[in-house]
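Participant:
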Amino acid sequence: MIMTESYLSIDHLHKEFPRRGDRPLNVLGDLDVHVEEGALLSILGPSGCGKSTLLNIINGLDDATTGEVRLAGRKVSTRTRSDVKIGVVFQQPRLLAWRTVRNNVALPLQEMGLPKDEIDDRVRRYLALVGLAEFADYYPLQLSGGMQQRVSLARGLAIEPDLLLADEPFSALDEFSARRLRQEFVRIWAETGKTILFVTHNIREAVFLSSRLLVITDRPARTYLDLPVTVPHPRKPEDDLLFELEKSVTEDFMRMEEQVRLEKEMTR
Amino acid sequence: MWRRTLSVLALLVLWQIVSLFMKPTILPSPIAVFAQLGQNLTQPETYSQLGVTMFRVVVGMIAGVAVGMIIGLTMGLTKIGEDLLDTWVLVLFTIPALVYGILCILWFGLNDTAAIVAIAVGSAPPIAINIWQGTKAIDRDLIHMGKAFRFGKATVLLKIVVPQLIPYILAALRYGLGIAWKIVTIVELIGLSSGVGYMLSYWFGNFSMIQVLAWTLLFTITLLIIEFAILKPLENRLTRWRPAAQIQRGAA
Ligand SMILES: Nc1ncnc2c1ncn2[C@@H]1O[C@H](COP(=O)(O)OP(=O)(O)OP(=O)(O)O)[C@@H](O)[C@H]1O
Ligand SMILES: [Mg+2]
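In the order they appear, the protein sequences are chains U and B. Residue numbering for the first sequence follows the UniProt record's numbering, beginning at 1 and increasing consecutively. Residue numbering for the second sequence follows the UniProt record's numbering, beginning at 1 and increasing consecutively.
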């Protein structure tokens, strides 16, 4: 049988962190995920299960303990990072406090060697997209937490990545701005056809946005649920189908937590 | 600002009161000292002596800052650098500045080189220690961000690491400057025949309390001018992104 390799394939990925005077902390246990190009994959999982760690490994910022990650046909590690253009939106804004908003967004573009006009144009476009056009000359510490998060989102989008790794990019926003940004987010995704991995704790958000939904278990993380969301875009947040799906995923999630609780009690 | 003015005025008043009870050869009044200073300032020699000292301090500091920063960064950013250098930097830091002065005069003779080398060697260790400590406080998450966006090594160093060290670099500059002034006066006092330290020793030899104080005052005022005309504005410019800095400026 001839297998065509997926865009991003995660095979038997296992990651542990050494701990002083204790067994290593088993974070990812044997994770298997294959992501097709152009997917918008939401990753859901309990806090501390290793979602941010997974994104780091995919980006070649951390090495797997065993198993491998292949991106666009090449094995990824800290020494052999993929040449796919990867954009990152971290869980925390991670802005450079001494640079204005404009210069924070511009820095990765300068690093890419884009011409100045192009940089100015992109900075303006993406700041406008996240609703911060007026704040280009502010310093990050003069902005609210949600505004900082939006700058970080603009920075990740402005490099126009082939693969976007977004770690809870809307978590610090009010429901109203989050809604508007989700819509923009989906629009960009649909227009560009780029691949997005999207970590979130918000089931409704995951269901609304993604083309596929991955639920992983608590440490050591494995796939618990992997299901496509076939409702076509543009979606309406109040769509009945989406609502049904949200309900069933929520129930699955509760069941998973319950299982974990029971297992813990049994081993005690 | 008015608080600073007030505290200076209070000191001058106190000095004036105390001087009323002392012989002028022990403690002349501030008015007399300022008058003497004013008179000194009409003489070109004063400027040339001050200029000579400034020249030694500036050249010595530039060398000291360059060496201190390189050593501090090496210690802070590489494990090997830290292991190889930390003992030596601490040893050099504890040697009294006077020793550097004496050694340099013995090695280089009674000239500018002796003063400059003594300043460079004396100011480099505290600067290195400051920068080294500063690297401990660097936000690793930001370096992680730089790596995630594939910044080159040079960009990470210049755009992410060094900006975070700026408060430490400024503190190191102030501290280094203080040390440089002390070393230069000592070297000039014990060996050279020019500069502010030499003038102090000259007037000390002539038992002229008023001139000793007038030269000390000149020295102090020069330092204040450097602080308020160069270092403070520089600091404000470099840290204007901090909300606290802006509130202060708004209130002033
Ligand atoms: N560099 C590290 N060294 C040691 N342990 C780590 C390191 N990074 C993460 N961990 C541990 O790995 C586990 C997973 O962390 P991770 O940040 O990936 O969780 P997460 O799924 O993103 O959680 P959250 O939803 O709360 O953001 C945590 O228990 C954390 O303590
Ligand atoms: Mg996380």
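The C-beta atom is built at its ideal place from N, Cα and C for all residues, glycine as well. In this text the structure is predicted, and so the values were computed from the model without any measurement.
With a threshold of 16 other CB atoms inside 10 Å of the CB of Arg-94 (chain U), please say whether the residue is buried or exposed.
Facilitator: Sequence index remark: in the first sequence, residue 94 (chain U) carries index 94 (1-based). Arg-94 (chain U) is classed as buried because its beta carbon has at least 16 other beta carbons within 10 Å across all chains shown.
Participant: By DSSP, does Pro-125 (chain B) sit in helix, in strand, or in coil?
Facilitator: Against the second sequence, residue 125 (chain B) aligns to sequence position 125. Helix, per DSSP.
Participant: At a CB-CB cut-off below 8 Å, which residues of chain B make contact with residue 273 (chain U)?
Facilitator: Lying before the first or after the last residue shown, residue 273 (chain U) is absent from chain U, which here runs from 1 to 268.
Participant: Tell me whether the beta-carbon of Val-89 (chain U) lies closer than 8 Å to the beta-carbon of Pro-169 (chain U).
Facilitator: Translated into the one-based positions of the first sequence, residue 89 (chain U) becomes position 89. Translated into the one-based positions of the first sequence, residue 169 (chain U) becomes position 169. Going by C-beta atoms, Val-89 (chain U) is nearer than 8 Å to Pro-169 (chain U).
Participant: So, at 7 Å on beta carbons, what are the nonlocal neighbours of Ile-247 (chain B) in its own chain, with the 5 sequence-adjacent residues on each side left out?
Facilitator: For this step, residue 247 (chain B) is matched to residue 247 along the second sequence. Interpretation of Ile-247 (chain B) is limited by its pLDDT of 49, a score under 50 that renders its predicted location unreliable; the figure taken from the coordinates is listed afterwards. Shown here for Ile-247 (chain B): not one same chain residue has a beta carbon closer than 7 Å to its own, the five before and five after excluded.
Participant: Under a Cβ-count criterion, where at least 16 other Cβ atoms within 10 Å of its own Cβ denotes burial, should Ser-42 (chain U) be classed as buried or exposed?
Facilitator: On the first sequence, position 42 is the one that residue 42 (chain U) refers to. Buried, since its Cβ has 16 or more Cβ neighbours within 10 Å.
Participant: Return no unless some Cβ of chain B is closer than 8 Å to the Cβ of Trp-98 (chain U).
Facilitator: Looking up residue 98 (chain U) in the first sequence gives position 98. At least one chain B Cβ lies under 8 Å of Trp-98 (chain U).
Participant: Just mark Met-61 (chain B) as buried or exposed, buried being the case when its beta carbon has 16 or more other beta carbons within 10 Å.
Facilitator: As a first step, residue 61 (chain B) is located in the second sequence; it is residue number 61 there, counting from the start. It is buried - the Cβ of Met-61 (chain B) has at least 16 other Cβ atoms within 10 Å.
Participant: Could you check if Lys-194 (chain U) is buried or exposed, using at least 16 other CB atoms within 10 Å of its CB as the buried criterion?
Facilitator: Counted from its first residue, the first sequence places residue 194 (chain U) at position 194. Classification for Lys-194 (chain U): buried.
Participant: At 3 residues or longer, and completely inside the region 160-232 of chain U: list those beta strand (DSSP E) runs for me, N to C.
Facilitator: Complete beta strand (DSSP E) runs here, min 3: 163-167, 195-199, 212-216, 223-228.
Participant: Taking the straight line between their C-alpha atoms, what separation do you get for Leu-197 (chain U) and Trp-241 (chain B)?
Facilitator: Your numbering for residue 197 (chain U) matches position 197 in the first sequence. Your numbering for residue 241 (chain B) matches position 241 in the second sequence. Approximately 33 Å between the Cα atoms of the pair.
Participant: What distance in whole Å lies between the Cβ atoms of Lys-147 (chain B) and Leu-61 (chain U), which are believed to be in contact at a cut-off of 8 Å?
Facilitator: Walking along the first sequence from the start, residue 61 (chain U) turns up at place 61. Walking along the second sequence from the start, residue 147 (chain B) turns up at place 147. Between Lys-147 (chain B) and Leu-61 (chain U) the Cβ distance is about 6 Å, and since that is below 8 Å, they are a contact.
Participant: Between Leu-13 (chain U) and Leu-163 (chain U), what straight-line distance do the alpha-carbon atoms span, to the nearest angstrom?
Facilitator: Stepping through the first sequence from its first residue, residue 13 (chain U) is reached at position 13. Stepping through the first sequence from its first residue, residue 163 (chain U) is reached at position 163. It is roughly 19 Å from the alpha-carbon of Leu-13 (chain U) to the alpha-carbon of Leu-163 (chain U).
Participant: Residues of chain B with a CB under 7 Å from the CB of Pro-108 (chain U): which are they?
Facilitator: Walking along the first sequence from the start, residue 108 (chain U) turns up at place 108. Listed along chain B, the residues sitting closer than 7 Å to Pro-108 (chain U) by beta-carbon distance are Phe-149.
Participant: Glu-37 (chain U) lies in the beta strand (DSSP E); which residues open and close that run?
Facilitator: Counting from one through the first sequence, the residue named residue 37 (chain U) turns up at place 37. No beta strand (DSSP E) contains Glu-37 (chain U), which DSSP labels as neither H nor E.
Participant: Return yes when the Cβ of Gln-36 (chain B) is within less than 8 Å of the Cβ of Val-196 (chain B), no when it is not.
Facilitator: As a first step, residue 196 (chain B) is located in the second sequence; it is residue number 196 there, counting from the start. As a first step, residue 36 (chain B) is located in the second sequence; it is residue number 36 there, counting from the start. Result no, Cβ atoms of Val-196 (chain B) and Gln-36 (chain B) do not sit closer than 8 Å.
Participant: From U:Asp-120, U:Lys-85, U:Arg-122, U:Ala-178, pick the residue whose C-alpha is nearest to that of Met-147 (chain U); which is it?
Facilitator: Start at 1 with the first residue of the first sequence, and residue 147 (chain U) comes out as number 147. For Met-147 (chain U), the nearest C-alpha among the options comes from U:Ala-178.
Participant: Between U:Glu-257, U:Glu-258, U:Val-229, U:Pro-234, which lies nearest to Leu-245 (chain U) when the distance is taken from Cα to Cα?
Facilitator: Position 245 of the first sequence holds residue 245 (chain U). When each option's Cα is compared against that of Leu-245 (chain U), the closest is U:Val-229.
Participant: Tell me Val-88 (chain U)'s beta-bridge partners as DSSP assigns them.
Facilitator: Translated into positions along the first sequence, residue 88 (chain U) becomes position 88. Answer is U:Leu-165.
Participant: Given a cut-off of 8 Å on the beta-carbon distance, is the pair Leu-44 (chain U) and Thr-217 (chain U) in contact?
Facilitator: Taking the first residue of the first sequence as 1, we reach residue 44 (chain U) at position 44. Taking the first residue of the first sequence as 1, we reach residue 217 (chain U) at position 217. Cβ atoms of Leu-44 (chain U) and Thr-217 (chain U): not closer than 8 Å.
Participant: Using a Cβ-Cβ distance cut-off of 8 Å, determine whether Asn-104 (chain U) contacts chain B.
Facilitator: Translated into the one-based positions of the first sequence, residue 104 (chain U) becomes position 104. Not an interface residue.
Participant: Give the residues of chain U in contact with Arg-242 (chain B), contact being defined as C-beta atoms less than 9 Å apart.
Facilitator: Along the second sequence, read from residue 1 onward, the residue named residue 242 (chain B) stands at position 242. Near Arg-242 (chain B) (Cβ distances below 9 Å), the residues of chain U are Ala-97, Trp-98, Tyr-139, Leu-141.
Participant: List, in chain order, every chain U residue whose beta-carbon is nearer than 9 Å to that of Pro-163 (chain B).
Facilitator: The residue you call residue 163 (chain B) lines up with position 163 of the second sequence. Under the 9 Å cutoff, chain U gives Leu-96, Ala-97, Trp-98, Arg-99.
Participant: Taking C-beta pairs closer than 7 Å, name the residues in chain B that Glu-168 (chain U) reaches, listed in chain order.
Facilitator: Along the first sequence, read from residue 1 onward, the residue named residue 168 (chain U) stands at position 168. Within chain B, no C-beta atom comes nearer than 7 Å to that of Glu-168 (chain U); the closest sits roughly 15 Å away.
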